[in-house]
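Written below as structure tokens is the structure these notes are about.
Shown next, in the form of structure tokens:
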């Protein structure tokens, strides 16, 4: 009896001891930090995601550049592997965001409207930071109700990648207009230039189709983002054009072509034409170095139009040392930092005063007319629904008009 | 310390020393119980609480009463996710149970390499669902092994008709090993003298199985059915990976947990997501009660 009782007491004592010890440990750890601060080392935490080792290496080079030119500053870079939005949500909710972090233009409306990002206007003013050198549309992606909540770290529009050998076999050049694109696709098919594949790789994905919508003077939302504009003739026409390739057997979806995405279709020569961004360049270089292809701007419809994918550096509303955070942010988005970050071609500079890496001019040409891939707060389920409806259209289960009416309604509901 | 204070509240027992024994017992369960309360019961009640709010990243933006629930009721996407989840459950649970029972009966025989088979059948349950799904994506690719063997040319996971059945098949296969384990335990709990009696009466193996084994497995059936249904209602990983979070093609793989995830993490409507979670909890709870009534209380207890 005595022994069991002793054991029980022991368990409680050990548990409390562990808790107390952990607390004491935390306090001990806190002391050196404050001492270091007195010796004038300011720590800035930086968080993002890392898609490849090359990307991590480029960012580390950039960080070293910052630390060298800013003595007394130390960057603590801690990337998040896995679900970035979910991990960041937890940090925001705990009121402990990193000092500087990535914000994708797609989630920016949600985060900006939820008040977890610091408006940068006064910091920009106080530090006399010139934001005129950025492509204006990229800065606009991080503007909400008149305030700027982030500055673009890089971007990429879509472009048209064409397989050189296949195009030569069909005797065609990269198309410049919608009419030419249709004609080229037909010639590729007639010449059987893509054996075991399709002339084009086109997926039921609004993140591709919307570029064509813009080329036809259509849009998803109105300028003020207060109402959907999907039932216009311009949108219907563009969607019919996009879906038409699949209906007429001129394009295949990635799954039908037996690949994971259209970039892989280009690499495995299952398609002669794909519409992807700058990310396809490194991928092709690493995985399919023998496939020769050409990058051209997106074909022109009624007007030039395209989608742009961009990511910002932002500062948390609950970040403690905002002045230090802005020092890092302004270096990373400044001419020196952005040159270091983009010189290897991992990403395209978001500034006009930074030279674009070799062979990427087709992307740069489109900076003036690319629209950010971005909607309104609470729109992720609308886009999911829009893609599901588009898949039904591709599968021949739904008409284009029905799809547009449904997505219009879903968007209207989300706007409230 | 809390234990010492609480001690006074305990009713005195007749047996001397019983109070102390209880004290020690509670001392031991204190830590696991605290963990259980803190990480299971408290979040559950908290989810119930926030389901009545418009709740963003930084907390409540206003009490909305039952509005989140009425929103769910009218939300076609949520309805579709419920329909898909029920449809999936309806197919995957019998498949898992039948497959699990079959495997359990096989590895319960005195056959050569019995241990190897037990391990082999359980193996898929050990691998992470993400890895299994990634491999399945290759195997069921339009140019994949599965199509080659069957001489087909189907895009299993990307066709509205076959996407959910393909996931059903995949998950029935991966979970069958776990179900086998449960059934194996239940099989070995059946006393051998019943079989001896059946053998003396001249019952063949087929008859023995249906007249003796199957009915005597009743508590096993109940347990496996409950675990299987709860698991099926929570299906998420495979659908998320295959559809890249969109629940496609054409909503074919949009399930309730995917709805909760997208609502909470992507749309940051935590109140609405919590309400959807509560609805899922109620549905699972109802199913369990129905099964409990169906299989009989005494076996379940």
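Residue numbers (our numbering), protein chains in the order written: chain A, 2 to 417; chain B, 1115 to 1415. All C-beta atoms, glycine included, are put in the ideal place defined by N, C-alpha and C.
Where do the N-terminal and C-terminal ends of the alpha helix (DSSP H) with residue i fall, by residue?
i	result
residue 1/A	Here chain A comprises residues numbered 2 to 417, so residue 1/A is not present and cannot be evaluated.
residue 1157/B	1156-1164
residue 376/A	Here residue 376/A belongs to no alpha helix (DSSP H), and DSSP marks it neither H nor E.
residue 453/A	The first residue shown for chain A is 2 and the last is 417, placing residue 453/A beyond what the model contains.
residue 336/A	336-343
If I follow the unbroken beta strand (DSSP E) through residue i, where does it start and stop?
i	result
residue 308/A	307-316
residue 296/A	294-297
residue 1169/B	1167-1170
residue 372/A	371-373
residue 418/A	This structure cannot speak to residue 418/A, because chain A is shown only from 2 to 417.
residue 1279/B	Run containing residue 1279/B: none in the beta strand (DSSP E); it sits in the alpha helix (DSSP H), 1277-1302.
residue 358/A	Neither: residue 358/A is in no beta strand (DSSP E) and is coded neither H nor E.
residue 1146/B	Looking at the DSSP string, residue 1146/B is not in any beta strand (DSSP E); the run it does join, the alpha helix (DSSP H), is 1132-1150.
residue 1333/B	Premise fails: residue 1333/B lies in the alpha helix (DSSP H), 1332-1347, not in any beta strand (DSSP E).
residue 1222/B	Taken as a continuous stretch (DSSP letters only), residue 1222/B belongs to no beta strand (DSSP E), as it is neither H nor E.
residue 1376/B	Counting along the chain, residue 1376/B falls outside any beta strand (DSSP E), and DSSP gives it neither H nor E.
residue 1311/B	Here residue 1311/B belongs to no beta strand (DSSP E); instead the alpha helix (DSSP H) covers 1306-1314.
Counting only C-beta atoms, is residue i closer than 7 Å to chain A at any point?
i	result
residue 1319/B	no
residue 1120/B	For residue 1120/B, the predicted structure reports a pLDDT of 46, less than 50, and the residue's modelled location is therefore unreliable. The matter cannot be settled from this model.
residue 1256/B	yes
residue 1363/B	yes
residue 1420/B	The structure shown does not extend to residue 1420/B, since chain B spans only 1115 to 1415, so no value can be given for it.
residue 1360/B	yes
residue 1269/B	yes
residue 1382/B	yes
residue 1170/B	yes
Do you know offhand how far residue i's Cα is from residue j's?
i	j	result
residue 251/A	residue 364/A	25 Å
residue 273/A	residue 199/A	7 Å
residue 344/A	residue 94/A	36 Å
residue 192/A	residue 165/A	14 Å
residue 234/A	residue 219/A	8 Å
residue 1404/B	residue 1166/B	28 Å
residue 1244/B	residue 1136/B	45 Å
residue 1280/B	residue 1356/B	11 Å
residue 142/A	residue 305/A	19 Å
residue 1322/B	residue 1259/B	39 Å
residue 37/A	residue 1158/B	Its pLDDT being 46, under 50, residue 37/A is placed unreliably in this model, and the value from its coordinates should be taken loosely. Residue 37/A and residue 1158/B: Cα-Cα distance of roughly 43 Å.
residue 1215/B	residue 1402/B	20 Å
residue 1139/B	residue 1299/B	28 Å
residue 1342/B	residue 228/A	45 Å
residue 209/A	residue 370/A	15 Å
residue 1251/B	residue 260/A	10 Å
residue 1408/B	residue 1339/B	11 Å
residue 506/A	residue 204/A	With chain A covering 2 to 417 only, the question about residue 506/A has no answer from this structure.
residue 190/A	residue 257/A	16 Å
From the beta carbon of residue i, is the nearest beta carbon of chain B less than 7 Å away?
i	result
residue 344/A	no
residue 86/A	yes
residue 157/A	no
residue 257/A	yes
residue 335/A	no
residue 117/A	yes
residue 409/A	no
residue 402/A	no
residue 67/A	no
residue 90/A	yes
residue 246/A	no
Here's a check: name, in chain order, each residue in its chain whose Cβ is nearer than 8 Å to the Cβ of residue i, leaving out the five neighbours to either side.
i	result
residue 1186/B	1192, 1386, 1389, 1390 and 1393
residue 57/A	51 and 80
Using C-beta distances below 7 Å, list every residue in its chain close to residue i, excluding the 5 sequence neighbours before and after it, in chain order.
i	result
residue 1228/B	1221
residue 1190/B	none
residue 81/A	48, 50 and 88
residue 406/A	232
residue 280/A	157
residue 1337/B	1296
Can you name, in chain order, every residue of its own chain whose Cβ lies under 6 Å from the Cβ of residue i, other than the five neighbours on each side?
i	result
residue 383/A	411, 412 and 415
residue 176/A	182, 185 and 300
residue 236/A	214 and 219
Beta carbon of residue i: closer than 6 Å to some heavy atom of the ligand ADP?
i	result
residue 1194/B	The model on display carries no ligand, and the ligand ADP is accordingly not part of it.
| request: Report the residue ranges of all beta strand (DSSP E) runs contained in full by the region 112-181 of chain A; include only those spanning at least 3 residues, in chain order. | output: 152-158 and 160-164
| Could you give the uninterrupted runs of the beta strand (DSSP E) lying entirely in the region 232-278 of chain A, keeping only those of 3 residues or more? | 272-277
| Runs of alpha helix (DSSP H) lying entirely within the region 31-81 of chain A, each at least 4 residues, in chain order | 54-70
| beta strand (DSSP E) runs contained entirely in the region 189-224 of chain A, provided each spans 3 or more residues | 199-202
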